[in-house]
Amino acid sequence: MPSLPQFSTMSAVNQNIPAASQPEGIYQTRLANVADLPQLVEVLSTSFYPASLLNHWFYWVMKLGLHEDLKRRLQSSNPRYRCLVAVRSGGVTADRDTPSIGLTGQTGQTDRQVAGTVEISFRPCQAWRLFPPHRLYLSNLAVRPDCRRTGVAQQLLATCEQIATEWGCYELYLHVMENNEAAQSLYRKNGYQRCEVGNPVLAALGLRPKQLLLSKQILS
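For the sequence shown, the UniProt record's numbering gives the first residue as 1, with consecutive numbering after it.
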């Protein structure tokens, strides 16, 4: 199961992040809310779990647990957390060359399809690691299968960078499995570099792929 950070519900978007001019049919990025839960669960479960589980009883138990975890986290009050969604109107797919970047206001509307999601939050580091006491971490970047390769992931990553700079943080971290070549390619294209390898013993025993920690320096 993918690692889920502590969620936080923000009743309003920080006004220091301007909403971009977003024409009809172009993806918009906004804060997630409880009304998005059914779509969030679908996007995450189809992205992180194999299709072979779709008709297995475990799949439905997992989805129920994921729904409740997300709901609890969305209703928490962590001031340094965002759960973002990219939405599109009318089922129109955005052109990959013209994604709009910006964070619009949180809304309870459910008439727009959630095309993708990502989470950003501060996480503590072990004292012995050569990292800051807390680092800004991205997780659960997921895009609907029919919305991939349309610029959704890049737009979500760009919005996370806007949030990071507003918080006075100029370095982002995320994990990716070594055998996930598509995700590694996406992150490399967006400026992320490897800085740590996890699970070396389990990987050597063939029990689990290596987990790579990537980071990106954001220009101030």
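Just so you know, even glycine gets a beta-carbon here, dropped at the ideal spot from N, CA and C.
Which of helix, strand or coil DSSP assigns to residue i
i	result
Y173	strand
K210	coil
L219	coil
P124	strand
R188	helix
A32	coil
E178	coil
H56	coil
G151	coil
Q113	strand
R73	helix
G198	strand
R88	strand
Anticipated Cβ contact below 8 Å, residue i with residue j, distance rounded
i	j	result
L172	K210	Rounded, the Cβ-Cβ distance is 20 Å, inconsistent with contact.
R30	V85	6 Å
A35	C83	At roughly 13 Å, the Cβ-Cβ gap does not stay under 8 Å, so A35 and C83 are not in contact.
Exposure of residue i, with buried meaning 16 or more beta-carbon neighbours within 10 Å
i	result
N179	exposed
Q155	buried
R144	buried
G168	exposed
Y45	The amino acid occupying residue 45 in the given sequence is Ser; Tyr does not appear at that position. By the 10 Å Cβ count, S45 comes out buried.
E181	exposed
A51	exposed
E68	exposed
residue 225	Outside the shown range of the chain, which is 1 to 220, sits residue 225, and nothing can be said about it.
W60	exposed
K189	exposed
Proximity below 8 Å, CB of residue i to CB of residue j
i	j	result
H175	L219	no
Y170	A115	no
R112	R88	yes
L186	A158	no
Distance cut-off 7 Å: residue i Cβ against heavy atoms of the ligand SAM
i	result
Y49	The ligand content of the structure shown is nil, which means the ligand SAM is not present either.
Any C-beta of chain C under 8 Å from that of residue i
i	result
T150	As a matter of chain content, chain C is missing from the structure shown, which is built from one protein chain.
Are the segment 38–47 and the segment 58–67 touching, with three or more C-beta to C-beta distances below 8 Å?
-> yes
Could you say if the segment 135–145 and the segment 113–123 meet the contact criterion of at least three C-beta pairs nearer than 8 Å?
-> yes
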